[in-house]
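**Student:**
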Amino acid sequence: MAILDKATTFILAVAELVWEWMKRNPAPIIGVLSALTVFYSILLVSVLKVRGRAADYVRSSIQGDVTIDEIRVSPGLRIELIGVSAVSKDSSLSIPDITIKKAELAADIPSLLLGRVVLREVSIDSPEITIYRDEKGAYNAGAWLKALEECDRAAFKSSFPARVSVRGAVVKMEPPPGAAWFEPLRLAGMSGVMLKTTDGMLALDMKSDVLGSPSFLSGIFTPCSKEIGMDVSYSSDAFNFSNLRDTLENSLFEGPGAAKLPGGSGKLILAARGFPTQPQLEGKASLKDFDMSFSYTKGIMRVTELKAGVGVERATASGTIDFNSPDIPFIMSVSIENVRLQRLLRDMSGFIYSPAGLLNGEAMISGGLKNFSLNIESGKAHVTDGTLKLPSPDLFSTDERRTRPTSIPFKSLIADIGGGRGELRLKNILIEANDFSASGEAAIGGFSFGSLFMPGAPWSLKVSAKITDAEKFAAFFPSFRSRISGSAQLELNARGSLNRAGAASGSGSLSIRNGSFSNPYAGRRGVPYQTVDFDSFQSSFELTDNFVKVKNASLTGNGISVDVSGTIGLNGMLNLAGFARMAPESARNFVGIAPFVFIEDFGSLATFSSGFTVKGELWNPQHVWQRPAATRWH
Numbered sequence: 253m254a255i256l257d258k259a260t261t262f263i264l265a266v267a268e269l270v271w272e273w274m275k276r277n278p279a280p281i282i283g284v285l286s287a288l289t290v291f292y293s294i295l296l297v298s299v300l301k302v303r304g305r306a307a308d309y310v311r312s313s314i315q316g317d318v319t320i321d322e323i324r325v326s327p328g329l330r331i332e333l334i335g336v337s338a339v340s341k342d343s344s345l346s347i348p349d350i351t352i353k354k355a356e357l358a359a360d361i362p363s364l365l366l367g368r369v370v371l372r373e374v375s376i377d378s379p380e381i382t383i384y385r386d387e388k389g390a391y392n393a394g395a396w397l398k399a400l401e402e403c404d405r406a407a408f409k410s411s412f413p414a415r416v417s418v419r420g421a422v423v424k425m426e427p428p429p430g431a432a433w434f435e436p437l438r439l440a441g442m443s444g445v446m447l448k449t450t451d452g453m454l455a456l457d458m459k460s461d462v463l464g465s466p467s468f469l470s471g472i473f474t475p476c477s478k479e480i481g482m483d484v485s486y487s488s489d490a491f492n493f494s495n496l497r498d499t500l501e502n503s504l505f506e507g508p509g510a511a512k513l514p515g516g517s518g519k520l521i522l523a524a525r526g527f528p529t530q531p532q533l534e535g536k537a538s539l540k541d542f543d544m545s546f547s548y549t550k551g552i553m554r555v556t557e558l559k560a561g562v563g564v565e566r567a568t569a570s571g572t573i574d575f576n577s578p579d580i581p582f583i584m585s586v587s588i589e590n591v592r593l594q595r596l597l598r599d600m601s602g603f604i605y606s607p608a609g610l611l612n613g614e615a616m617i618s619g620g621l622k623n624f625s626l627n628i629e630s631g632k633a634h635v636t637d638g639t640l641k642l643p644s645p646d647l648f649s650t651d652e653r654r655t656r657p658t659s660i661p662f663k664s665l666i667a668d669i670g671g672g673r674g675e676l677r678l679k680n681i682l683i684e685a686n687d688f689s690a691s692g693e694a695a696i697g698g699f700s701f702g703s704l705f706m707p708g709a710p711w712s713l714k715v716s717a718k719i720t721d722a723e724k725f726a727a728f729f730p731s732f733r734s735r736i737s738g739s740a741q742l743e744l745n746a747r748g749s750l751n752r753a754g755a756a757s758g759s760g761s762l763s764i765r766n767g768s769f770s771n772p773y774a775g776r777r778g779v780p781y782q783t784v785d786f787d788s789f790q791s792s793f794e795l796t797d798n799f800v801k802v803k804n805a806s807l808t809g810n811g812i813s814v815d816v817s818g819t820i821g822l823n824g825m826l827n828l829a830g831f832a833r834m835a836p837e838s839a840r841n842f843v844g845i846a847p848f849v850f851i852e853d854f855g856s857l858a859t860f861s862s863g864f865t866v867k868g869e870l871w872n873p874q875h876v877w878q879r880p881a882a883t884r885w886h
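Anchor point for the sequence shown: position 4 equals 256 in the working numbering, and the numbering is continuous, going up by one each time.
(1) Tell me whether the beta-carbon of Ala407 lies closer than 8 Å to the beta-carbon of Val423.
(2) Just grab the DSSP bridge partners of Lys354 for me.
(3) According to the neighbour-count rule (16 or more other Cβ atoms, all chains shown, within 10 Å of its Cβ), is Val302 buried or exposed?
(4) Helix, strand or coil for Thr783 per DSSP?
(5) Which residue marks the beginning of the alpha helix (DSSP H) containing Arg405, and which one marks its end?
(6) In angstroms, rounded to a whole number, what distance separates the CA positions of Lys718 and Pro772?
(7) What residue does the alpha helix (DSSP H) around Pro836 start on, and which one ends it?
(8) Counting only runs of 3+ residues fully inside the region 654-695, write out the beta strand (DSSP E) ranges in chain order.
(9) What does the Cβ neighbour count give for Gly672, buried or exposed, with the cut at 16 atoms within 10 Å?
(10) Considering just the uninterrupted stretch of the beta strand (DSSP E) at Glu743, what are its terminal residues?
(11) Quick test of your reading: Asp317 and Lys341, contact by CB under 8 Å. State the CB separation rounded to the nearest angstrom.
(12) Buried or exposed: Tyr781, going by 16 or more other Cβ atoms within 10 Å of its Cβ?
(13) With distances taken from CA atoms, which of Ser788, Phe468 and Ser817 is nearest Lys801?
(14) At the level of alpha carbons, what is the spacing between Arg840 and Ile820?
(15) Ignore the nearest five residues each way along the sequence and tell me which others in Ser749's own chain have a CB closer than 6 Å to its CB.
(16) Buried or exposed: which applies to Asp349, given that a residue is buried once 16 or more other Cβ atoms fall within 10 Å of its Cβ?
(17) For Ser734, I'd like the list of residues in its chain whose CB is within less than 8 Å of its CB, leaving aside the five on either flank, ordered along the chain.
(18) Enumerate in chain order the residues of its own chain whose CB-to-CB distance from Tyr353 is below 6 Å, with the five nearest sequence positions on each side excluded.
(19) Report yes if the CB atom of Leu713 is closer than 8 Å to the CB atom of Leu665, and no otherwise.
(20) Classify Phe789 as buried or exposed, calling it buried when 16 or more other Cβ atoms lie within 10 Å of its own Cβ.
(21) Just curious, the alpha helix (DSSP H) that Glu723 is in, first and last residue?
(22) Are Leu870 and Leu826 touching if we call contact CB-CB under 8 Å?
(23) In three-state DSSP terms, what is Ser340?
(24) Measure the alpha-carbon distance for Leu300 versus Arg554 and round it to whole angstroms.
(25) Who are the Cβ neighbours of Val876 in its own chain at under 7 Å, not counting the five residues just before and after it?
(26) Drop a sphere of 10 angstroms on the beta-carbon of Pro847, count the other beta-carbons inside from all chains shown, and report buried for 16 or more, exposed for fewer.
(27) So what does DSSP say about Arg372, is it helix, strand or coil?
(28) Going along the chain, which residues of its own chain have a beta-carbon closer than 6 Å to the beta-carbon of Val849, five neighbours each way excluded?
(29) Closest by CA to Ser470, which one among Ser375, Lys459 and Asn798?
(30) Excluding sequence positions up to five away, which residues of its chain have a Cβ less than 6 Å from the Cβ of Ala694?
(31) From the DSSP secondary-structure annotation, give me the bridge partner or partners of Tyr391.
(32) Tell me whether the beta-carbon of Ser644 lies closer than 8 Å to the beta-carbon of Thr655.
(33) Please name the residue in Ala829, Asp785, Leu822 and Ser757 whose C-alpha comes closest to that of Glu794.
(34) With DSSP as the reference, please indicate the residues paired to Val843 in a beta bridge.
(35) In angstroms, rounded to a whole number, what distance separates the CA positions of Met584 and Phe546?
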């Protein structure tokens, strides 16, 4: 504290001595002040003379029709241009529209004394640049970019200011012809400096917000050169990819497909090299569960690596996107590993029979980003540890939900992948399980960019299944557990739409060898246990949206022959009719025939024939037998 007091006392003493000297010797002081006043007056007159030239300088730099509301000179001898606006000549939209709230031009003092304008520093406050796009898709900033390459380098080095400061700049884009949006789109804002180096290069250091994302822009740019070009980097640690997605949907793409692009906040890094009219970009985008590395040159984007997924689930891709074509076509090689089918088919959440399992595979896909079309050219898929879901009627249900999905596990499913526009095709399908195997092909529509198999999409299926043990297979259907045995073969050709009920139409056949049927209703309301052994069961059927039509169902062997036809409604209503022929040993198992079988018929050649109907509900069927006709041989 003592040291500070001594320093203060010393400074005051020195100041007092200087003031006393100035009072005793006023002439030198007045002379200096007079010289400064004269020099300032000369500079002020020079500035006033050249301020009109400054306006001409601005007009020649912008290369458009320029209006300036006011030109004035600040006390600091800076030329201030107030209310600057510029448009392209003859309304040609050759350059963007420009408005500047205020521009300050600080000229080189020796040049002012000679009556010339050599700018030392320029400060631009609140400039606004509005870009237009013509019907051919070109942006009217191209003339500026071309001028940056084809200008005179010597003239640039001599005339461009050593420092340009920008505060509150805004870049906007007007809606292109036919756009669904009307207000100008704010692309970016920025503030910072451009410094001219001694060798005529520009060093950039800008803070910016691109689509509302805080970011930085820095690097070196060499104007008026087709050899050196630029080396500029852009980075944002909190880039708003959701805003980018919405902007692309409104300005570049058609329809709602852009909504399927990644959203959220993440990192974006870009490095620009080359020249303004033909930049070479390299970049990396990173956000939650998504990373992409890419490059861009001459309108072609090359995705060198794309990764998506969490944990062991992941998808990778690489390919190209052509922005030179109006449809913005792309072709990609995609690989997926350990992806849960439930996750992949999340858009099928309303379809209760969607399969499950771990999916691995690769595919070559193509399409267009303009309208988000997608085709699968070729590929392979492999599902392990999966389950198929099929409808299972509950014969003892007492509520409205009388059919429930049942899950049937399988070891593996492999298939070749292909497709047309909006369709996924699976060929050479092969399913392997403990007690059955299946092969076939399938097609699913409603396949679009970022949206897999929307509810209501059409599907078709052709499958051949071999069931080695029908009893084990039937165990997955609770109402038929321990009610069927034998080896079975199923052929099915079906089609339908992806909806919750899973309605379908088509045709097929079912055959069972060396098997048995047991009455699934046995044990309820006094229904006795009944089992019929047979050599062969054959049936063809048709599927409709409302019922299953049973055609030519026949059961033979072990002293019995039964033919059945009719319909089973999807609402559970039965309308079946048949005719049975059987030996006494088999006839005693049927309630409608057993009363007509005598003891002496056993071991004889007697046969019993009877027609029957089955109606009512699947959960409460009504069997009606006709009086059987008995044929006895004596």
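Glycine included, each C-beta is placed from N, C-alpha and C at the ideal position.
**Tutor:** Reading from the atomic positions:
(1) no
(2) Ile334 and Asp377
(3) With a pLDDT of only 49 at Val302, under the threshold of 50, the placement of this residue in the model should not be trusted, and no figure is reported.
(4) strand
(5) Arg405 to Ser411
(6) 23 Å
(7) Counting along the chain, the alpha helix (DSSP H) containing Pro836 begins and ends at Pro836 to Ala839.
(8) 655-670 and 675-684
(9) exposed
(10) Ile736 to Ser749
(11) 5 Å
(12) exposed
(13) For the residues Ser788, Phe468 and Ser817, the minimum Cα distance to Lys801 belongs to Ser817.
(14) 27 Å
(15) These residues qualify, in order along the chain: Gly708 and Pro710.
(16) buried
(17) Glu723, Ala726, Ala727 and Ser770
(18) A quick correction: the sequence has Lys, not Tyr, at residue 353. Closer than 6 Å at Cβ, skipping near neighbours: Asp377 and Ser378.
(19) Taking 8 Å as the Cβ cut-off, Leu713 and Leu665 do not qualify as a contacting pair.
(20) By the 16-neighbour rule on beta-carbons within 10 angstroms, Phe789 is buried.
(21) Ala722 to Ala726
(22) yes
(23) coil
(24) With a pLDDT of 45 at Leu300, under the threshold of 50, the modelled position of that residue is not reliable, and no figure is offered here.
(25) Phe864 and Thr865
(26) exposed
(27) When DSSP states are grouped into helix, strand and coil, Arg372 belongs to the strand group.
(28) Taken in chain order, the residues that qualify are Pro836, Ala839 and Arg840.
(29) Relative to the Cα of Ser470, the nearest Cα in the group Ser375, Lys459 and Asn798 belongs to Lys459.
(30) Leu678 and Leu713
(31) Arg385
(32) yes
(33) Ser757
(34) Note: Val843 sits in no beta bridge, so no partner.
(35) 13 Å
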